[in-house]
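*Asks:*
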Amino acid sequence: MSASAPATQNEWLVILPDKPDAVDRRLAVRPQHLKAALARAEEGTINFGGIMLHEHMVDGEKPKFKGSIMLLQVPTKEDVLEIIKSDIYVENDVWDLEKMEIHPFRSALRKAL
């Protein structure tokens with residue numbers, strides 16, 4: 001996060017579609033992505049995250065990934081972009097950043113898994 005960022009923590013809903021041909025690249029680096037995401041969740045930066053699917057998964061079949069959704073808690077949109085751009089999914093050309101959506105968000109209800 002930037003040194004000049006305000007102390008207020010805002011929530012941001014981030015929708016990150018995958019590129020059409022990204023499934024194998026996604027699966028190849030998924031363990032590293034999840035490790036980094038867990039660390040961010042433990043520090044309080046990620047409130048939730050998960051995959052979007054074209055269809056629900058069926059045992060024995062490769063998941064039909066559509067992208068990712070996450071709720072970040074950081075002061076600014078610039079902080080969101082910094083986090084996203086540092087993700088291994090960006091480095092490995094998984095997410096389609098041209099179609100990324102970042103929305104200011106405020107949780108009204110949350111339930112633990």
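Counting along the sequence shown from 1, when you hit position 66 you're at 66 in UniProt numbering, and nothing is skipped either side. Even glycine gets a Cβ: it sits at the ideal position worked out from N, Cα and C.
From R110 to A37, what does the alpha carbon distance come to, in whole angstroms?
*Replies:* 19 Å
*Asks:* Mind checking which residues open and close the alpha helix (DSSP H) that includes Q32?
*Replies:* First-last of the alpha helix (DSSP H) with Q32: V23 to E43.
*Asks:* Based on Cα-Cα distance, which residue from I88, D79 and Y89 lies nearest to L13?
*Replies:* Here the closest residue by C-alpha is D79.
*Asks:* Between S107, P63 and Q73, which lies nearest to H54 when the distance is taken from Cα to Cα?
*Replies:* When only C-alpha atoms are compared, the closest one is P63.
*Asks:* Would I51 pass as a contact of F65 if the rule is Cβ separation under 8 Å?
*Replies:* Closer than 8 Å, so yes.
*Asks:* Suppose you measure from the CA of R30 to the CA of K99; what does that come to, to the nearest Å?
*Replies:* Rounded to whole angstroms, the gap between the alpha carbons of R30 and K99 is 21 Å.
*Asks:* Mind checking whether D96 and P17 have CB atoms under 8 Å apart?
*Replies:* yes
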